[in-house]
Each structure stands twice: as C-alpha cells, then as structure tokens.
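Take a look at the structure below.
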Ligand code: NZQ
Ligand code: ZN
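Numbering (the working numbering), first residue to last: 255 to 642.
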C-alpha cells in the first residue's frame, strides 16, 4: 500500500545531442560569477572544457575555476571549495563531470555559507540546512549515480575512514542538468560498466523491500530490463547512441526519488559498499558489485517471494518445474552471469580489501532496517568474508 508522501522534483533537464545548446539560457538566470567545478582532466581531453568556457564567455560570466575534484570527493576538497566560493562570493556552481563532481557541487552549495564545520553538521549529525544555499547546475559526463536530479551528496573522510551520503531536500537538487549521452562515449569501459551496475543497484535497493502490490516495483522491473538490454549493447559498442541514451535516462529515473515514493527501501548494499570505499577509495559501482551476490544470497530466504518475482519478471526465467527457492536462485544466478559478462568486479580482494580490514568495514557500515532482513555487524562481516 502506498504510504503518505509529497513529491516535487525541481531539476530542469535538457536531454539529447543538442542539450548543451541550452546551457547559455540557464546561465542567464544567475549572477555573473560562476564557479566551474570539474575533475582531473577528462573534460579537457574531450574538448568539453573549451566548449563550456566559450559558452560562459559568450554569456559574460566571470569564471572561477575549481579543478581536481576526485572520484569519491574528500572533505578536505570540500573545505578548499568553501574558501574559494566565499572569497569570490560566487552566484552559481557549475559542475561538469560525473557523480563525484555533481555530488561535490551540492555539498559545496550548502557548505560555503555554513558557519559550522559542514562535515560535522551534515555528515556526522545529519542536520538540515539552515544557511544560504548556492544554486548548482550540472553538465553530466557519466551515467550512474542519478546525482544530476537528486539531493544526494556523498563525501569521504579518509582520516575517519567514513564515506557518508547526505540526502538533502529538494532545495539542494541541481537547478538544471544537461544530459548529452554522447558526452559519455569517452568513459573507460571499467567506469561505464561500474555506472551500469550502480544503476542496477539503485533499483534493487528500492525493489527488494515491502510485500505490497506497489506500482514502483512494476516501473523498476521495466527499468531493470531496459538497463540489462542496453548495457549488453553498450559493452559491445560504446558508441551505440540508443543504448547509451537509454542508460543515461534509466540512471536518472533510478534515483531521482520517484520510484521510492510511498514504499520502503533497503540500501544495505550501498551502506556496505560505501564503507568499502572509505577503506579502499575504490570505484563506487565496483564496491557494490563486489558485495552484492553474497548480500542478496544472504537475505534471499527472508524475501523469497520477491526474489522469485525478480527471476520471473526481470530475468524472464520460466517458473515451470521449479520450487520457489530454485526460481529465486535462478534469478540471482542470471544476474551474476550478466555481471560477469559486463566485467564487473565480483571479489573484494580485487579492490584492495584485506582480511584485517573486514571488522573495520563492518563497523563503518550504517545499519538500515528497511530491507527484508535487518543485519547485525557479525552478518555484515560474514558477507564481506564471502565477498573476498
Ligand atoms: O575526474 P575526471 O577527469 O572527470 O574523470 C572521471 C573519474 O575518473 C571519469 N569520467 C567521468 N566522465 C568521463 C570520465 N572519463 C572520460 N570520459 C568521461 N565522459 O570517470 C571517473 C569516475 O567518475 P565519478 O564522477 O567518480 O563517477 P560516478 O558518476 O560513479 O560518481 C561516484 C560518486 O557518486 C557517489 C559515489 O559514492 C561516488 O562518490 N554517489 C552519489 C549518489 C547520489 N548523488 O545520489 C548515489 C550513488 O549511490 C553514489 O553513492
Ligand atoms: Zn550508487
């Protein structure tokens, strides 16, 4: 049964090959000082940086550059951005990159004018924003996180060995996002498939929960089927526009808050994966793929009917002569086969996890209660060992 909810998604999207043409019109709506945030150089190599600068200049913007936003952005980098944004009193943060740059821009938008330590306030104490919020716009270069249309902002504190996501309210969502699937063509295959698995994981985190007849589950089954189909095509031919555009659009829908409305959600794979990330700084999607099979096999008996439905409706497995347990396992096996086919990481060792990290990773995993089984730390450690 759908619970009570309110729904508003204020992000304006521009999608398609010509989407960047709409950037100038958006820029005109903000003041003259633009903080341009980007990563470690992929946008310079692809030529996107030059295109963006040209548009910024044509619209008479003063550009304050903030390069070097790393994958899994750190709290130190956040402090650096706060100083820059305040010193120049910027009017807009323009994020050009993947989920890390978009997340970072949102974290900065609420931190720049925060009078306290933003790590303590937003990440340790999980408090709401009560100061000025800078507007954010995104030009997305990687499909996966959904960050372009949500309030998530994940920050890593290596010293404290914590990677934490704050899901801010819709006043922090990007004001606009430019989504041109062609901008994702230059992604290395490792990142592309990691992004695909991140999308799959977002859907599964929201699907494997609840026993009701929820419309969101039907939507998610469709999104998962389209993702599986398109990811196979894109893995073979990265420049297949139809596949890349489907993947980009599914990524947005998988985590723009719509499918979670009115239903319970799990998110334990992300909690464990984020803790793995805090210890290893590994690629987000791969931290999820490495722990997923052990996690889902562990909780499957507690949510058997849904796992059987997943097998039937997503992986199109014939129920025929199978017991419900066999059907559920056949679905998970089909998923594992697909993951192998894409070349996803299935073992934590490959991400640099060593046995002596396991207790710390389990300790750093936040325990959520929305899924089919509430885990204790010993179970998390067991899942991590099985994932090695
Ligand atoms: O640094 P650059 O040069 O930009 O290179 C990046 C980076 O090395 C590269 N890249 C991106 N677009 C490219 C490209 N290289 C060539 N061509 C392109 N078109 O790819 C690498 C990874 O980029 P990154 O932004 O880190 O990846 P992703 O989009 O997966 O973002 C990961 C971050 O998002 C967080 C993760 O925890 C992680 O910190 N998440 C955010 C969420 C949200 N906002 O709701 C939810 C997710 O579950 C996730 O936790
Ligand atoms: Zn994710």
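Quick reminder that beta carbons are idealized off the backbone N, C-alpha and C, glycines included.
In the displayed model, residue 573 falls within coil according to three-state DSSP, outside both helix and strand. Taking 8 angstroms as the cut-off, the beta carbon of residue 366 is found closer than this to the beta carbon of residue 336. Excluding the 5 residues flanking it on each side, residue 455 has same chain C-beta neighbours closer than 6 angstroms at 523, 542, in chain order. About 6 angstroms separates the Cβ atoms of residue 513 and residue 473, confirming a contact at the 8 angstroms cut-off. Around the Cβ of residue 463, a 10 Å sphere holds 16 or more other Cβ atoms; the residue is buried. Beta-bridge partners of residue 351 (DSSP): 394. DSSP, reduced to helix, strand and coil, places residue 557 within a helical segment of the structure shown.
Residue 290 has its Cβ no nearer than 7 angstroms to any heavy atom of the ligand NZQ. The stretch 308-321 makes no contact with the stretch 375-382; the number of CB pairs closer than 8 angstroms stays below 3. Non-local C-beta neighbours of residue 363 in its own chain, meaning closer than 8 angstroms and more than five positions away in sequence, comprise 347, 387, 388, 389, 390, 426, ordered along the chain. Linking residue 342 to residue 284 through their CA atoms gives a straight-line distance of about 15 angstroms. Annotation for residue 381: no alpha helix (DSSP H) segment contains it, and DSSP assigns it neither H nor E. Counting along the chain, no beta strand (DSSP E) covers residue 310; the unbroken alpha helix (DSSP H) around it starts and ends at 302-312. Per the C-alpha coordinates, the member of 487, 408, 545 positioned closest to residue 443 is 487. Looking at the DSSP output, residue 288 bridges to 317, 346.
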